[in-house]
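J.:
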Amino acid sequence: MRKQTATATPTASAAPIPNFIKDGTFRKPAAAPDPSVEVKAPEPDAMGAWDVTSGSVVIYSPGLAQAGHQAADIGAAVLEQDFEAPVGAKVEITWTHSRNSDASCPQTNQAYGAQVLDPNGQTVVSHSYEPDGVGFSPIPSDKTLKFTVNSGSPYTLRFTGRTPDSCGALIYNVVGQGTGRS
């Protein structure tokens, strides 16, 4: 029997892609010292990298939001951000959500949708969510959208609220990362 010699073939390593979502903790506009601030569409640059394209978003101060930083209540609004990542990259966008536990909010459905649109406006990935919770006790939960980038043009992350008023889910700590070719 003939002995085989092992040979190694170099492979391209996957380079980490740093966070490509800007202001995922919703620092702009600053809500404090007030408990919250409302941003209505269209108010260009009112939320920095984020655009309220329909309805209004309420930004809750760190004192009211989970984990000690600001959070966005999208209610019935549409909140978007354009982003870019390297072609061929396998990326994931993660965020945390919880029920809006504001005492003025009835114990209602706080469902919302999250989707990524390609440069042509076609849906790449889309899911519906509703935070868990009992009464006014929020239970934070991490969520993820995963996809492969196929275009060098900007994609859009869109959150669409499905609550009739500003008592929607709280969204915070939005991060976009992944791996690509080096």
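Residue numbers (UniProt numbering): 1 to 182.
By construction, the Cβ of each residue, glycine as well, lies at the ideal position given by its N, Cα and C atoms.
1. Give the single residue among SER151, HIS97, ASN109 whose Cα lies nearest to the Cα of ASN120.
2. Can you pull the DSSP bridge partners for THR160?
3. Are the segment 72-84 and the segment 123-132 touching by the rule of at least three beta carbon pairs closer than 8 Å?
4. Taking the beta strand (DSSP E) that SER153 belongs to, which residues open and close that run?
5. Quick one, which of LEU170, THR144, LYS146, ALA46 has its alpha-carbon nearest ASP132's?
6. Given 8 Å as the limit, is there contact between the segment 157-177 and the segment 92-111, that is, 3 or more CB pairs closer than that?
7. Our contact map puts THR160 next to GLY113 with C-beta atoms below 8 Å; I'd like the distance itself, whole angstroms only.
8. Whose C-beta lies closer than 6 Å to the C-beta of LYS22 among residues of the same chain, with five residues either side of it excluded?
9. Less than 9 Å separating the beta-carbons of GLY24 and VAL116?
10. The beta strand (DSSP E) that contains TRP95, what's its start and end?
T.: In short, the structure shows the following:
1. Stepping through the sequence shown from its first residue, residue 120 is reached at position 120. Here the closest residue by C-alpha is SER151.
2. Residue numbering aside, residue 160 sits at position 160 when the sequence shown is read from its first letter. VAL78, GLY113, per the DSSP bridge assignment.
3. A contact is defined here as three or more CB-CB pairs under 8 Å, and the segment 72-84 fails this definition with respect to the segment 123-132.
4. The residue labelled residue 153 in the question sits at position 153 within the sequence shown. Secondary structure note for SER153: it is in no beta strand (DSSP E), with a DSSP letter that is neither H nor E.
5. Residue 132 sits at position 132 when you count from the first residue of the sequence shown. Closest option to ASP132, Cα to Cα, is LEU170.
6. Verdict: yes, contact present.
7. Position 160 of the sequence shown, counting from 1, holds the residue named residue 160. Position 113 of the sequence shown, counting from 1, holds the residue named residue 113. Right, the Cβ-Cβ distance comes to about 4 Å (below 8 Å), so this counts as a contact.
8. The count along the sequence shown starts at 1 and reaches residue 22 at position 22. So the qualifying residues of the chain are ALA49.
9. As a working mapping, residue 24 is identified with position 24 in the sequence shown. As a working mapping, residue 116 is identified with position 116 in the sequence shown. No, the pair does not count as a contact, with Cβ atoms beyond the cut-off.
10. Along the sequence shown, read from residue 1 onward, the residue named residue 95 stands at position 95. Where TRP95 is concerned, the enclosing beta strand (DSSP E) stretches over 90-98.
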